[in-house]
Amino acid sequence: MSGTAGTGRVDVVVVGGRVAGASTALLLARAGLSVALVERGRRGSDTLSTHALMRAGVLQLSRWGVLDGIAAAGTPAVRRTVFHHADGEDVAVTIRPRSGVDALYAPRRHLLDRLLVEAAEEAGARVLHGVTVTSLHRDATGRVTGVVGRTEGGARLDLAAGLTIGADGIRSRVAEQVGAATTWRGRTASAVLYRYVEDPGADAYEWTYGTGAAAGVIPTNDGASCLFVSTTPARMRRLRRRGVDRAVDDLLEAAGPEAVVRARDLRPVSAVRGWAGVPGFARRSYGPGWALVGDAGYFKDPITSHGITDALRDAELLATEVLAAHGGDVAQEVALARYEATRDRLSRQLFETTERVAAYDWDGPGIRSLLLRLSAAMGEEVEHLEQLAAVRPSA
Ligand SMILES: Cc1cc2nc3c(=O)[nH]c(=O)nc-3n(C[C@H](O)[C@H](O)[C@H](O)COP(=O)(O)OP(=O)(O)OC[C@H]3O[C@@H](n4cnc5c(N)ncnc54)[C@H](O)[C@@H]3O)c2cc1C
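Just so we're aligned: 269 in the working numbering is position 261 of the sequence shown, and the numbers increase by one with no gaps anywhere.
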């Protein structure tokens, strides 16, 4: 089949309909812009994650009215975080109520991403699933002026837009098409194995840091937790030669006795899935007629479980600046440059610390000090978002 999947003109076209893209579309559509959200996958599909949201992300979902749907779907409220360390020290942190947030959540992605897409749609965004963006339109000056896409059946989408936003993940087609330069390049990476396990009643994020390996148990939907183990890509490749189940057991042991004991009685309810590891990066995230958000613009290793929270934060930072430009307060490129500068300022310490955690060469005091640095950086991020909310309470 061929033909047309759509044409027209919008203020903003967003490529990629998961956390970063759906949130950006939601905020822009709520502010009255005409928005199209183009996603190559199916509506409500799942994706790789260990799901843990940090406070800043929960705070935003609460403000945007999306958290109620997450809680209503039975996603467990997480009231504690527990860190187990190789030298025997355990640190338990209770989630303090702040800005209306008294618990963290780790929703499955088929739930979180779907709720965000539905909220964007309710706000007036035109949502197109099953359409892959293949190239960009440009005017005579080289400015990006929209997208060309295709459905699986070969129908063509042609959309003109005042701004094209790439929220299309680490292998972003938009970034590739505009030639977005890499501005930060990481050197370390985690390889991760994870599976869902039966774990009804769990109410804590649990992390264990051992000898060159980490493990975690993250309570998610349907009475299950996501159990993961991680290490360097080289060690993971070696361990996987003896089979994936054996690799999980070996890494639980390396992570420490608490991980072994906690995992022992958890009945698997899914197969083991793997992530081979990709070093973090940041890309130049704006140019004439285009911007990048979420993993497309800035990706860091999943060991610190901050990618979804980053994506939600950056959606709001970007939407704030896009609206400033749309209102005529400032030129689009100046506003977009401010977006990138704020994102980078809030991300630098998180990125550098994550790099060090993903090196897997720490000892007990070393990892504790890295976790404290992360906590300080996350506090700064929450403060920034609270200030944004004070300026634009309706967002
Ligand atoms: C193993 C692992 C564990 C993780 N655990 C956590 C965690 O516990 N907590 C956390 O906060 N983060 C975690 N993350 C990170 C988190 O998953 C990402 O940071 C987050 O998904 C980024 O969202 P995004 O919307 O930017 O991109 P993505 O989720 O990658 O979405 C991009 C979307 O764009 C679509 N797309 C791509 N190209 C095109 C195209 N050409 N046309 C149309 N659509 C397109 C894709 O289909 C996809 O749906 C983890 C990541 C990994 C790999």
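We treat Cβ as the ideally placed atom computed from N, Cα and C, and that holds for glycine.
Mind checking who LEU136 pairs with in its DSSP beta bridge? Here residue 136 refers to the residue found at position 128 of the sequence shown. Paired residue(s): VAL46.
For LEU198, which of LEU382, HIS145, ALA242, GLY108 has the nearest alpha-carbon? Residue mapping note: residue 198 aligns to position 190 of the sequence shown, counting from 1. Just to set this straight, residue 198 is Ser in the shown sequence, not Leu. Comparing Cα positions, the closest option is ALA242.
Let me make sure I understand the geometry here. Which of ALA385, ARG117, VAL390, TRP72 has the alpha-carbon closest to that of ASP54? If you number the sequence shown from 1, residue 54 lands on position 46. Out of ALA385, ARG117, VAL390, TRP72, ARG117 has the C-alpha closest to the C-alpha of ASP54.
Under three-state DSSP, which class holds LEU274? In the sequence shown, the residue the question calls residue 274 occupies position 266. Coil, per DSSP.
Here's the rule: buried if 16 or more other CB atoms are within 10 angstroms of the residue's CB, otherwise exposed. What is GLN68? Along the sequence shown, one-based indexing puts residue 68 at 60. When all chains shown are included, GLN68 counts as buried.
Cα-Cα separation between ARG38 and GLY96, rounded to whole angstroms: For the purposes of this step, residue 38 is taken as residue 30 along the sequence shown, with counting starting at 1. For the purposes of this step, residue 96 is taken as residue 88 along the sequence shown, with counting starting at 1. Their Cα atoms are separated by approximately 49 Å.
4 or more residues per run - each alpha helix (DSSP H) lying fully within the region 250-306: 252-263, 265-272
Note the first and the last residue of the continuous alpha helix (DSSP H) segment covering GLY65. Reading the sequence shown from its first residue, position 57 is the one you call residue 65. Run containing GLY65: 63-71, per the alpha helix (DSSP H) assignment.
For GLU389, does the count of other Cβ atoms within 10 angstroms reach 16, so buried, or fall short, so exposed? Within the sequence shown, numbered from 1, the residue matching residue 389 stands at position 381. Its Cβ being crowded by 16 or more others within 10 Å, GLU389 is buried.
Return helix, strand or coil for SER383, following the three-state DSSP convention. By 1-based counting over the sequence shown, the position of residue 383 is 375. Reduced to three states, the DSSP call for SER383 is helix.
Please return the same chain residues whose Cβ sits closer than 7 Å to the Cβ of ALA333, not counting the five positions on each side in sequence. Locating residue 333 in the sequence shown gives position 325, counting from the first residue. The answer, listed in chain order, is ALA339, GLN340, ALA343.
DSSP-derived helix/strand/coil call for PRO227: Locating residue 227 in the sequence shown gives position 219, where the first residue counts as 1. In this structure, PRO227 counts as strand in the three-state DSSP scheme.
Cβ-heavy atom distance between VAL22 and ligand 1 below 7 Å? In the sequence shown, counting from the first residue as 1, residue 22 sits at position 14. Outside the cutoff, so no.
In terms of DSSP beta bridges, what is ALA222 paired with? Here the question's residue 222 lines up with position 214 in the sequence shown. According to DSSP, ALA222 bridges with TYR217, SER238.
So is SER405 buried or exposed if we call it buried at 16+ other beta carbons inside 10 Å? No answer is possible for residue 405: the residues shown for the chain start at 9 and end at 403.
Under the three-state DSSP convention, the category GLU206 falls into: Indexing the sequence shown from 1 puts residue 206 at position 198. Strand, per DSSP.
Between the alpha carbons of THR350 and ASP318, how many angstroms are there, rounded? Indexing the sequence shown from 1 puts residue 350 at position 342. Indexing the sequence shown from 1 puts residue 318 at position 310. Using only the alpha carbons, I get a separation of about 12 Å.
Below 8 Å, can you find three or more Cβ-Cβ pairs linking the region 346-360 to the region 24-35? no
Inside the region 160-207 only - alpha helix (DSSP H) runs reaching at least 4 residues: 181-186
Applying the 10 Å Cβ sphere with the 16-neighbour rule, what's the burial state of SER143? Here residue 143 corresponds to residue number 135 of the sequence shown, with the count starting at 1. SER143 is exposed by the Cβ-count criterion.
Given a threshold of 16 other Cβ atoms within 10 Å of its Cβ, counted over all protein chains shown, does THR239 qualify as buried or as exposed? Walking along the sequence shown from the start, residue 239 turns up at place 231. Buried: at least 16 other Cβ atoms inside 10 Å.
Taking 7 Å as the cut-off, is the beta-carbon of ASP318 closer than that to any non-hydrogen atom of ligand 1? Against the sequence shown, residue 318 aligns to sequence position 310. At least one heavy atom of ligand 1 is nearer than 7 Å to the Cβ of ASP318, so yes.
My output table needs one value for GLY29: the three-state DSSP class, helix, strand or coil. In the sequence shown, counting from the first residue as 1, residue 29 sits at position 21. Here GLY29 sits in helix by DSSP.
Quick one: is THR219 buried, meaning 16 or more other Cβ sit within 10 Å of its Cβ, or exposed? By 1-based counting over the sequence shown, the position of residue 219 is 211. Flag for THR219 reads exposed.
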